[in-house]
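Written below as C-alpha cells is the structure these notes are about.
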Amino acid sequence: MEDSRRRFLKLAGLASLGLGAKPIYNAFARENSGSESAGVATRANDNALHATQWAMVIDTRRFAHPQDLEPIIAACHRAHNVPFLTDKRHEIKWIWEEEYHNAFPGKAAQFMDEALEHIPFLVLCNHCENPPCCRACPTQATFKRESDGIVMMDFHRCIGCRFCMAACPFGARSFNFRDPRPFIPEQNKEFPTRMKGVVEKCNFCAERLAEGKLPACVEASDGAIAFGDLYDPKSEVRELIRTNYTIRRKQTLGTEPAVYYIV
Amino acid sequence: MNEKKLIIAGLIIFIALATFPFWYNLGKAAPAPEPVLTERAKTANSGQCVMPTDYMKTEHMQLLDLWRHAVVRNTERTFVNPEGKTFQMSLSNTCMDCHANKPEFCDRCHNYVSVDPYCWDCHIENPKEIE
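Chains as they are written, first to last, in numbering that gives the first Met the number 0: chain A, 0 to 262; chain B, 0 to 130.
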C-alpha cells in the first residue's frame with residue numbers, strides 16, 4: 000500500500016469519532032430514564048419487613064412423618080401457583096421433602112439412628128450468601144438482592160438456559176418444560192404463574208415480606224420454622240442458632256446457605 | 000445496449016407491483032380503536048389513572064418497565080404519582096383491578112398496532128373476576 004500512513008491517520012480519526020459517541024450510548028443505556036422527568040417516585044411499602052439477610056431455622060425434631068410436611072408444602076405451592084406435574088422429569092418444586100442422606104450427603108453415619116435416617120427433611124432454596132446460580136446466569140435474571148439477601152428470579156428476563164440449575168448444588172431450581180397453567184390445581188389470582196421455558200424456585204415469599212407477612216411455609220409450620228434477620232443479633236433465628244446445634248446443607252461448598260436445620 | 004427499453008419497462012412494472020399495497024390502501028386507513036373503560040375505571044380515584052391519561056396512552060409500557068424493575072430488583076412496591084397519591088405497583092392487582100376487560104381495553108389497541116406483549120403469559124388478566 001502506497002499511502003498506508005495516510006490511511007492509518009484516517010482510520011485513527013474515525014475511531015476517535017467513535018469514542019466520542021460514548022455519552023450517547025450511555026444515555027440510551029441508562030435505567031429508568033423517563034421516570035425522573037415525570038415527577039414520580041417509588042419506595043418500599045410502609046408495612047414491609049426488612050433484613051440484611053433473611054434466614055430460616057427449621058426444627059426437624061417437630062417433623063416425624065411426611066404428613067407433617069404436607070400442609071407446609073401445600074401452602075407454599077398454592078400461594079405461588081406451583082403446578083403439579085406427575086411426570087418426574089417435568090416436576091416443579093419450590094419446597095419439598097428429602098431423606099437425610101440426600102439432604103446432607105457425607106454427613107450420614109453407617110449405622111445411624113433409624114429414626115433420623117427416615118424422617119422427612121424439608122428442603123428449599125437456601126438463599127445462599129454466596130450463590131453460585133447468580134454467577135452462572137448470563138442475563139442477570141437471577142440475582143442476589145442487596146436489600147435483603149434474597150436470591151430472586153426476574154422471570155421476565157429468564158431465557159431458560161438452565162445454567163443456574165447446573166450451578167445450584169441443592170437442586171432447588173425447576174425448569175418449566177411445559178406450559179404450567181393447565182397443571183395448577185387451584186390458582187392464586189394475586190400471584191403470577193410462569194410460562195414455558197423459564198426456571199423457577201422459592202423466593203422466600205418476597206411478595207409477602209413486602210406486605211409485612213412472614214413466608215407461607217413459616218405461617219403453616221405452627222412454629223417449627225423460624226424466620227428472621229441473620230445479621231440482627233436479637234432476632235429469633237440468631238437465638239435458635241446460638242442455643243441449638245444446627246447444620247446446613249453442603250456447608251463445605253462455601254455457598255453459605257441461609258437455611259439452618261436443628262437435628 | 001439495445002435492451003434499454005426492456006429494462007426500463009421492467010423496472011416500471013416492478014416498482015408499480017412493489018408499491019401496490021401502499022397506493023391501493025391510500026386513504027383507507029382503519030380507524031383507531033377506542034378502548035372501553037369499565038365502570039370501576041371511570042369512577043375509582045375520580046376516574047384518574049395512576050398517571051394522566053395522555054401519559055398512560057403513550058408511556059404505559061415505560062411505566063410498567065419502571066414498576067417491574069422497582070418491585071423485583073429494588074424491593075419497592077409503592078408508587079407515588081406527581082399528585083402524591085400512592086399505589087401498589089402490580090399489573091394484576093392494580094392495573095387489571097380497574098381495567099378488568101382485557102379484550103376491550105388492552106387487546107384492541109395492541110391488535111391495531113400489531114404488538115403482542117407477553118404480559119398475560121404469566122400475569123392473570125382478571126384476578127377478581129369482575130364482569
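Quick reminder that beta carbons are idealized off the backbone N, C-alpha and C, glycines included.
Name, going along the chain, the residues of the segment 49–83 of chain B whose beta-carbon falls closer than 9 Å to a beta-carbon of chain A. Against chain A - using a Cβ distance shorter than 9 Å - the residues of the segment 49–83 of chain B are 49, 50, 54, 58, 61, 62, 64, 65, 66, 67, 68, 69, 70, 71, 72, 73, 74, 75, 76, 77, 78, 79, 80 and 81.
Candidates A:238, A:174, A:244 and A:132: closest to residue 86 (chain A) by CA position: Residue 86 (chain A) has its Cα closest to that of A:174, out of A:238, A:174, A:244 and A:132.
Can you list, in chain order, the residues of its chain whose CB lies under 8 Å from that of residue 229 (chain A), leaving out five sequence neighbours each side? Same-chain partners within the cutoff: 50, 51, 52, 53, 54, 148, 236, 237 and 257.
Under the assumption that residue 158 (chain A) contacts residue 141 (chain A) (Cβ atoms under 8 Å), give the Cβ distance between them as a whole number of angstroms. At roughly 11 Å, the Cβ-Cβ gap does not stay under 8 Å, so residue 158 (chain A) and residue 141 (chain A) are not in contact.
Can you give the Cα-Cα distance for residue 15 (chain B) and residue 192 (chain A), rounded to whole angstroms? Cα-Cα distance, rounded: 50 Å.
For residue 93 (chain A), which residues in the same chain have their Cβ closer than 7 Å to its Cβ, ignoring the five residues on either side in sequence? For residue 93 (chain A), the CB contacts under 7 Å within the same chain, skipping 5 residues up- and downstream, are 75, 76, 79, 81, 123, 200 and 201 in chain order.
Could you tell me how far apart the beta carbons of residue 168 (chain A) and residue 254 (chain A) are, in whole angstroms, since I believe they sit closer than 8 Å? Your pair residue 168 (chain A) and residue 254 (chain A) checks out as a contact, with CB atoms roughly 7 Å apart and the cut at 8 Å.
Assess, as a yes-or-no matter, whether the segment 88–96 of chain B is touched by the segment 52–72 of chain A under the definition of 3 or more beta carbon pairs within less than 8 Å. Touching, no, given that fewer than three Cβ pairs across the two stretches are closer than 8 Å.
Can you name the residues that DSSP bridges to residue 95 (chain A)? For residue 95 (chain A), which the question treats as bridged, DSSP gives the partners A:122.
In terms of DSSP beta bridges, what is residue 183 (chain A) paired with? Looking at the DSSP output, residue 183 (chain A) bridges to nothing.
Assign residue 96 (chain B) to one of three DSSP states: helix, strand, or coil. Correct three-state label for residue 96 (chain B): helix.
Would you tell me roughly how many angstroms separate the C-alpha atoms of residue 192 (chain B) and residue 23 (chain A), rounded to the nearest one? For residue 192 (chain B) there is no data in the structure shown, the boundaries of chain B being 0 and 130.
Return the chain-ordered list of same chain residues with a C-beta closer than 6 Å to the C-beta of residue 20 (chain B), the five sequence neighbours on each side being excluded. Shown here for residue 20 (chain B): not one same chain residue has a beta carbon closer than 6 Å to its own, the five before and five after excluded.
Below 8 Å on the Cβ atoms is my contact criterion, and I expect residue 96 (chain A) with residue 120 (chain A) to pass it. Report the Cβ-Cβ distance as a whole number of Å. Their Cβ separation, rounded to whole angstroms, is 6 Å, which keeps residue 96 (chain A) and residue 120 (chain A) in contact under 8 Å.
Are three or more beta carbon pairs between the segment 37–46 of chain A and the segment 175–184 of chain A nearer than 8 Å? Short answer: they don't touch.
Quickly, what does DSSP pair residue 143 (chain A) with across the bridge? List them, please. DSSP, once it has assigned bridges, lists A:150 as partnering residue 143 (chain A).
Let me check one thing: in DSSP terms, what residues is residue 199 (chain A) bridge-paired to? Residue 199 (chain A) is bridged to A:173.
List, in chain order, every chain B residue whose beta-carbon is nearer than 8 Å to that of residue 154 (chain A). Think of a sphere of 8 Å around the beta carbon of residue 154 (chain A): the chain B residues whose beta carbon falls inside it are 121, in chain order.
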